[in-house]
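Everything in the sequence shown is counted per the working numbering, starting at 1357 for the first residue and increasing by one. Down below is the structure, laid out as structure tokens.
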Amino acid sequence: MRLAQTGEVEYRGVGKRRRIPVSSLTDYKRRDDEHRRQAGEELTQPGQETGPPS
């Protein structure tokens, strides 16, 4: 429900409930997967120091 409340996925109210279209969920998942992929690539780039500086 946090995703709907923050506007990250579309929804429509039906009574006290929220209806989230599947297309909105798949779009969110695609964006999230891309963000995670980019973060992983940044962490695995050669030359990037890990650990405390010497």
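We put the CB at the ideal spot given by N, CA and C, even for glycine. Because the structure is a prediction, the values reported are computed rather than measured.
Tell me whether valine 1411 sits in a helix, a strand or coil according to DSSP, three-state version.
This structure gives no information on residue 1411, because the portion of the chain shown stretches from 1357 to 1410.
Under a three-way DSSP split, which group does glycine 1363 fall into?
In the displayed model, glycine 1363 falls within coil according to three-state DSSP, outside both helix and strand.
Going by the CB atoms, is the gap between arginine 1358 and tyrosine 1367 shorter than 9 Å?
With contacts defined by Cβ atoms closer than 9 Å, tyrosine 1367 and arginine 1358 do not form a contacting pair.
Short Cβ contact (9 Å threshold) for proline 1380 with valine 1370
Note that residue 1380 is serine in the sequence shown here, rather than proline. No, the Cβ-Cβ distance between serine 1380 and valine 1370 is not below 9 Å.
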